[in-house]
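A short worksheet on the structure shown next.
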Amino acid sequence: MIFDGLMRLLGLGGAGSEALANGGSSGERDGPDGREMISCHEAMTRLQEFVDGELHGLTHEQVEEHFKVCTRCYPHLKMEESFRQKVRTALAQPEVPSDLRDRVLQLLGHDDGADA
Amino acid sequence: MSSDEPSPHDEFNREILPHLDAVYRFALRLAGAADVAEDLVQETFLRAWRSFGQYKPGTRAKSWLFTICRNVFLRQVERGQRHSEIVEREAPRADAGAGDVANPLWSETRETDPEGRFFHKIVDDQVLAAIDALPEEYRTAVVLSDLEGLNYQEIADLMEVPVGTVKSRLFRGRRRLQKELYDYAVEMGYLAVSASPEE
Chain W
27 MIFDGLMRLL GLGGAGSEAL ANGGSSGERD GPDGREMISC HEAMTRLQEF VDGELHGLTH
87 EQVEEHFKVC TRCYPHLKME ESFRQKVRTA LAQPEVPSDL RDRVLQLLGH DDGADA
Chain V
2 MSSDEPSPHD EFNREILPHL DAVYRFALRL AGAADVAEDL VQETFLRAWR SFGQYKPGTR
62 AKSWLFTICR NVFLRQVERG QRHSEIVERE APRADAGAGD VANPLWSETR ETDPEGRFFH
122 KIVDDQVLAA IDALPEEYRT AVVLSDLEGL NYQEIADLME VPVGTVKSRL FRGRRRLQKE
182 LYDYAVEMGY LAVSASPEE
């Protein structure tokens, strides 16, 4: 683990990530709590669920650990996050017409108690 | 009963009305045009009020309103035309996204912008136009997830499809959006095209 972290800091790639990409989780490398490190294929397969916070069968930490260590998968995560952030910002944009609430209340025959 | 007991009007105004902005934003993405969205919101709240007796306090009011809103919208679309948007056959994949795990865009961007910073150079209106161009099934799933933060199960309940289908719609919808925005970014010169993508 220390070696992998160091390699990543040096920009030399997450050791083992390439091998794991081909061979699935080999069990050669373990996560911080002794669990088997997931493979690149599994990390990429679970990318959407990971970003959505909807992982089942794996913990958030297990997948996060892979992205922390693997220089090959890490940019995919960053790209997905960048995309999601942009979509969220854009979707939150439209201003709600200021009189829409009044029109709805009028339609329903309510007042909202603001003037009660 | 004491006269202090809140009237249905009061309860509706307290529990349901605060979601008006969220319903409007959702309606806008469904309808695409502000005036149609406003009509949709009014119709949604009218129906919600009429069936407020069936609303169980404590259930997620927003999801309930979104369901009504979408049903009204789909009925209007059906009335106006045959539903023309055919989403590719979407046999729910047990593992949505497993088939093509690596984002195909990445082979284009990995040399110049591997972390997708180009997305932030795109104006919001362009992003919204790309979302609006998605088939309704994808658009609804993406909006409910990325705008409203509904989870897969909530979206599945609302759209009356299995969770696997929701995952698949989100995956495909997002891939389409990414491709659309990537093409736009290249066209606008926000992103240099990789000369010779490997693989």
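Line by line, the protein sequences are chains W and V. Counting from 27, one number per residue, gives the positions in the first sequence under our numbering. Counting from 2, one number per residue, gives the positions in the second sequence under our numbering. Ideal Cβ positions, reconstructed from N, Cα and C, are used throughout, including at glycine.
Three-state secondary structure (DSSP) of residue i
i	result
Glu188 (chain V)	helix
Glu62 (chain W)	strand
Thr71 (chain W)	helix
Asp1 (chain V)	Any question about residue 1 (chain V) goes unanswered here, given that chain V covers just 2 to 200.
Ala118 (chain W)	coil
Lys104 (chain W)	helix
Leu24 (chain W)	Lying before the first or after the last residue shown, residue 24 (chain W) is absent from chain W, which here runs from 27 to 142.
Phe166 (chain V)	According to the sequence as given, residue 166 (chain V) is Thr; it is not Phe. DSSP places Thr166 (chain V) in helix when its eight states are reduced to three.
Ala151 (chain V)	Sequence check: residue 151 (chain V) is Leu here, not Ala. Coil.
Tyr56 (chain V)	coil
Cys70 (chain V)	helix
Glu6 (chain V)	coil
Asp114 (chain V)	coil
His82 (chain W)	coil
Thr45 (chain V)	helix
Pro123 (chain W)	coil
Gly33 (chain V)	coil
Val143 (chain V)	helix
Ile123 (chain V)	coil
Leu171 (chain V)	helix
Ser85 (chain V)	Model confidence at Ser85 (chain V) stands at a pLDDT of 47, short of 50, so the residue's coordinates are unreliable; what they give is reported in the following sentence. Of the three classes helix, strand and coil, the one that applies to Ser85 (chain V) here is coil, per DSSP.
Leu159 (chain V)	helix
Tyr25 (chain V)	helix
Arg98 (chain W)	coil
Arg61 (chain V)	coil
Ala92 (chain V)	Caution applies to Ala92 (chain V), whose pLDDT of 48 falls short of 50 and renders its modelled position unreliable; the model cannot decide the point.
Leu178 (chain V)	helix
Pro105 (chain V)	coil
Cβ-based neighbour list, residue i, same chain, cut-off 7 angstroms, excluding 5 preceding and 5 following
i	result
Met70 (chain W)	Cys99 and His102
Glu44 (chain V)	Val73
Ala118 (chain W)	none
C-beta neighbour in chain V for residue i, strict 8 angstroms
i	result
Gly49 (chain W)	Reliability of the predicted coordinates at Gly49 (chain W) is poor, the pLDDT of 38 falling under 50, and the value obtained from them is presented with this limitation in mind. Not an interface residue.
His136 (chain W)	yes
Thr85 (chain W)	no
Leu81 (chain W)	no
Ser52 (chain W)	With a pLDDT of 38 at Ser52 (chain W), under the threshold of 50, the predicted position of this residue should be treated as unreliable, though the coordinate-derived value follows. Taking Cβ atoms only, chain V never reaches closer than 8 angstroms to Ser52 (chain W), which makes this a no.
Met63 (chain W)	no
Pro123 (chain W)	yes
Phe109 (chain W)	yes
Asp78 (chain W)	yes
Close-in-space but distant-in-sequence residues of the same chain around residue i (CB under 8 angstroms, 5 per side omitted)
i	result
Trp1 (chain V)	Nothing can be reported for residue 1 (chain V): it is not among the residues displayed for chain V, which extend from 2 to 200.
Arg61 (chain V)	Glu155
Arg175 (chain V)	Val143
Test: residue i CB closer than 8 angstroms to a CB of chain W
i	result
Ile69 (chain V)	no
Tyr191 (chain V)	no
Leu21 (chain V)	yes
Glu16 (chain V)	no
Ala103 (chain V)	yes
Glu116 (chain V)	yes
Leu31 (chain V)	no
Leu75 (chain V)	no
Tyr185 (chain V)	no
Leu129 (chain V)	yes
Arg111 (chain V)	yes
Arg26 (chain V)	yes
Leu135 (chain V)	no
Other residues of its chain near residue i: CB distance less than 6 angstroms, five sequence neighbours each side excluded
i	result
Glu155 (chain V)	Ser64
Gln179 (chain V)	Leu106
Ala28 (chain V)	Ala38, Leu41, Val42 and Cys70
Leu31 (chain V)	Phe74
7 angstroms Cβ cut-off: residues of chain A touching residue i
i	result
Asp125 (chain V)	Reference to chain A is not applicable here, since the protein chains of this structure are W and V.
Fill in: chain W contacts from the segment 39-52 of chain V (Cβ-Cβ distance under 7 angstroms)
Glu39, Val42, Gln43, Phe46, Leu47 and Trp50
Fill in: Cβ-based contacts, 8 angstroms cut-off: residues of the segment 88-104 of chain W near chain V
Pro101, His102 and Lys104
Practice prompt. Using a Cβ-Cβ cut-off of less than 8 angstroms, give me the residues of the segment 139-168 of chain V that come near chain W, in sequence order.
Written response: Val143, Val144, Ser146, Asp147, Leu148, Asn152, Tyr153 and Lys168
Worksheet item: If we count Cβ pairs, one from each stretch, closer than 8 angstroms, do we get three or more for the segment 111-128 of chain V versus the segment 106-115 of chain W?
Response: yes
Discussion item. If the cut-off is 9 angstroms on Cβ atoms, which residues from the segment 55-69 of chain V count as contacting chain W, listed in chain order?
Written reply: none
Worksheet item: If we count Cβ pairs, one from each stretch, closer than 8 angstroms, do we get three or more for the segment 45-54 of chain V versus the segment 123-135 of chain W?
Response: yes
Practice prompt. Evaluate the contact criterion for the segment 11-21 of chain V versus the segment 130-146 of chain V: three or more CB pairs, one atom per stretch, below 8 angstroms.
Written response: no
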